[in-house]
Amino acid sequence: MNNTNIGRRRFTIGAVAGIGAVAVGISSPIELISQIGSYDKNKGAFSLEPNIWLEIRRDNTIIITIPRSELGQGVRTSLSMITAEELDADWNLIKAINAQGDKKYGSQGTGGSTSIRVFWDTLRMAGAQARIMLVSAAASIWGIPSSSCRTENSYVYEIGGSRKSSYGELIDKAGEMPIPDAAGIKLKQPDEFKIIGKTKWHIDNPEIVTGKAIYSSDFRTDGMKYAVVKRSPDIGGTLIKFNDDKAKIVSGYLQSFPINEGLAVVAENSYAAIQAADKIEVEWKPGPISNISSKDISKKMMELMGSLPELPNSTDKEIESIYEVPLLAHATMEPMNSFANFKDGKCEIWTMTQNPQTARSTVAKALDISEDDVTVNVLLSGGGFGRGHRNDFVGMAAQISQKAGFPIKFFYTKEDDIKNDYYRPFSIHKIKSGVDANGNITGWIHKVASQGTVKATDPQYDIINIQNLHDSHDFSIPTGPWRSVNNTQANFANESMIDELSLLAGADPLEFRLKMTKEPRLKKVIEYVADKSDWKKPLPKNWGRGVSSFVGYGGFSAHVVEVSVTNSGVLKVERVVAALDCGIAINPGNIEAQFMGSAIDALAVALKSEITIKNGQIEQSGFHDYEWISMRESTKIEVYIMPSNESPGGIGELGFPSVAPALCNAIYDACGIRVRKLPLKHTTLEHNL
């Protein structure tokens, strides 16, 4: 076999050429809009728009406006499925466009696994209203009652007759019909679903694999220049002065000027911008923590811990443990970037934001203009994980365009992206708990020390006498939401302590969890993962299993991880088994993919990843030192979805929090070493078992 390396761009051009065309790039926003869907829709097509979410065109194309950002999680597909289900639409005729940043769409912040939960009823109702209007139109034309009509695959049929009309044929008459009152509409029951519950490939897949999909980095327009921002190596450092004489030898370099975040460097192309920035000499004022390193942060957090209150008198045995988790970067595959064009007092944005309304307000504030004069268009994003909620990159693009006087594509290099993130906060967790003579938990005290909003969360079991405490110290480190937010830290500590308590009580860790929960859905998920993972099946020597669960985002999940640890301390993750109850599973294949991705992310964070600070500066700058697990280091991941007719819950965050504790619990089972500090690379696993 000829083993040839082939890049994505070469592959996609070849794939497009194979069907009789070659992708040659985008030269103007008009050409771009023709590919991703226009907000100023073609009224010449005489379409039916019964609400802000739907447009049905004469050629039977159905345009669904998606209010949340597509980060790779499949939201454009899932929300389209919800709408198409009640519309009784032909799935092959569905197209999705992204909503602009506008309050009329409600909450547009993509995070907290809220997209399905927030728009489940809204978009189903939008589809149902349109379907009823189309049925009314057909019934009126045919002179029969609406009850004598049925709908299927974008057609209205006469029941017991031969007449049928496509949705596109009915749009004129349907436009005359009143929009039905939502209060009188009965939505489908789960046993009536034809689209929901069936695996659908991402709606953007054909464009993605052929190179036609437009990610934020791909956006181009005539007259556009490129810009980077040279920033202080110190966290919070500020610009004093600069000299760009050496940058002037770089072909394509245009100009440099200060903005709020640092020094903007503008050039004809991205390469020239990067090269010029490297050559500019800058004097910086040191940041507020220029004498602080990671060890100092850890020491300060430990000082904040102090002693914990006493447990109830009924406690027979008690344990107190400290768990520590590091700063983390988001490290999206697509670094942050944004297009901005400030002209005549108004600003147009094309970007990868996770919250276009916040992006709009960020730009308005940065430019001192009204939000009404800012238009934010949302493009596909190569990842998000919370980073896209901080619209600093959008604000910088806008500032640079305003000062430069022409359209700007601002971008982070991977190094910029790692060193100028809004990191998941560092935190230390001290938990004291105990059991009575019958092995029941008597109390639970969980104190967190962190910068910012990291809080202790209640364990997902029936535990009495819970106290959650918090203390913080501001190190001026920029922090922000990270996949699963608080739960990435708190659930690691909680589920590790639950495992320690099960040993204190002399109980099987999984049975201990079942004993403590009265929530039937959680109990069933734990039992399900036990069955699918062969929990009671003996393992070879130096192998171990660990279990962990999580409740949140409208769902229930549990993981069992199997590991092997050699006597010399070599760890191998042998298997990951996940079970979940997320309510109605909209797109099962996508749910499996999300849970597999969550497992990979969680294993990487548990095993390798961390951001460290030395003398007020971020030490990491790319994947060579901000480590992630490779395909070679991955493992078998199994995902099992429990059938349910409950309202759908979130997925993107649900699969993360219980992986790391299950892994560390498995390590203890294999070699007797308890891991309480992440990442695991700091822990020696040599043993004599």
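Following our numbering from start to finish, the sequence shown increments by one per residue and tops out at 1591.
Here a beta-carbon is modelled for each residue, glycine too, at the ideal position from N, C-alpha and C.
- Boundaries around Pro1411 are those of the alpha helix (DSSP H), 1411–1418, since no beta strand (DSSP E) includes it.
- Nearest C-alpha to Phe1394 among Leu1213, Thr1359, Ser1404: Thr1359.
- Restricting attention to His1348, Leu1165, Trp1186, the CA atom closest to the CA of Ile1176 is found in Leu1165.
- In the DSSP assignment, Ser1451 falls within the unbroken beta strand (DSSP E) covering 1445–1454.
- Between Leu1587 and Val1467 a beta carbon distance of about 5 Å is seen, short of the 8 Å cut, so the two are scored as contacting.
- Cβ atoms of Leu1371 and Ile1221 stay farther apart than 8 Å, at about 17 Å.
- When secondary structure is reduced to three states using DSSP, Ile1531 falls in the coil class, being assigned neither helix nor strand.
- Nearest C-alpha to Glu987 among Tyr1173, Asp1083, Lys1090, Ile1151: Lys1090.
- Pairing Ala1261 with Ala1300 gives a Cβ-Cβ distance that is not under 7 Å.
- 7 Å or more divides the Cβ of Thr985 from the Cβ of Gly1045.
- When the Cα atoms are used, Pro1380 and Val1507 turn out to be separated by approximately 19 Å.
- DSSP, reduced to helix, strand and coil, places Glu1226 within a strand of the structure shown.
- A check of alpha carbon separations from Glu1421 across Gly1139, Val1387, Asp1433, Gly1457 identifies Gly1457 as the nearest.
- In the three-state DSSP reduction, Phe1458 falls in the strand class (E or B).
- Taking 8 Å as the upper bound for CB-CB distance, Val1130 and Thr1255 are not in contact here, some 19 Å apart.
- Ranked by Cα distance from Arg1133, the first of Ile1110, Arg1122, Asp1120, Ser1158 is Ser1158.
- Looking at the backbone, the Cα of Thr1012 and that of Gly976 are separated by about 12 Å.
- With contact defined as three or more Cβ pairs closer than 8 Å, the segment 1551–1564 and the segment 1470–1484 are in contact.
- Per DSSP, reduced to three states, the secondary structure at Asp1083 is coil, with no helix or strand assignment.
- Asp1364 counts as exposed, since fewer than 16 other beta carbons sit within 10 angstroms of its beta carbon.
- Excluding five sequence positions before and after Lys1311, the CB atoms of its chain that fall closer than 6 Å to its own CB belong to Met1126, Tyr1128, Phe1241, given in chain order.
- When Ser1067, Ile1333, Ser982 are compared, the shortest CA-CA separation from Asp961 is found for Ser1067.
- Counting only the Cα atoms, Leu981 lies some 7 Å from Leu1025.
- Within a 10 Å sphere around the beta-carbon of Asp1294 sit 16 or more other beta-carbons, which makes this residue buried.
- Looking at the DSSP output, Ala1242 bridges to Ile1251, Ile1310.
- Look at Ala1231 here: in three-state DSSP terms it is coil, with no helix or strand label.
- A direct Cα-Cα distance of roughly 38 Å separates Ser1064 from Ile1018.
- Residue environment analysis places Lys1349 among the buried positions, since at least 16 neighbouring C-beta atoms fall within 10 angstroms of its C-beta.
- The alpha helix (DSSP H) runs lying completely inside the segment 1093–1124 and spanning 4 residues or more are 1107–1111, given in chain order.
- The continuous stretches of alpha helix (DSSP H) do not include Ser1511, and DSSP gives it neither H nor E.
- Restricting attention to beta strand (DSSP E) runs no shorter than 3 residues, the segment 1329–1376 encloses them at 1329–1337, 1343–1352, 1368–1374, ordered along the chain.
- Between Ser1056 and Leu995, the C-beta gap is smaller than 7 Å, which places the two residues in contact.
- When the alpha-carbon of Lys1510 is set against those of Arg959, Ala1231, Trp993, the nearest one is in Ala1231.
- Comparing C-alpha distances from Ser1532 to each of Gln1522, Gly1499, Ser1549 shows the shortest one belongs to Gly1499.
- The alpha carbon of Gln1010 has as its nearest neighbour, out of Thr967, Ser1042, Val1431, the alpha carbon of Thr967.
- Shown here, Ala1481 sits in a strand according to DSSP, grouped into three states.
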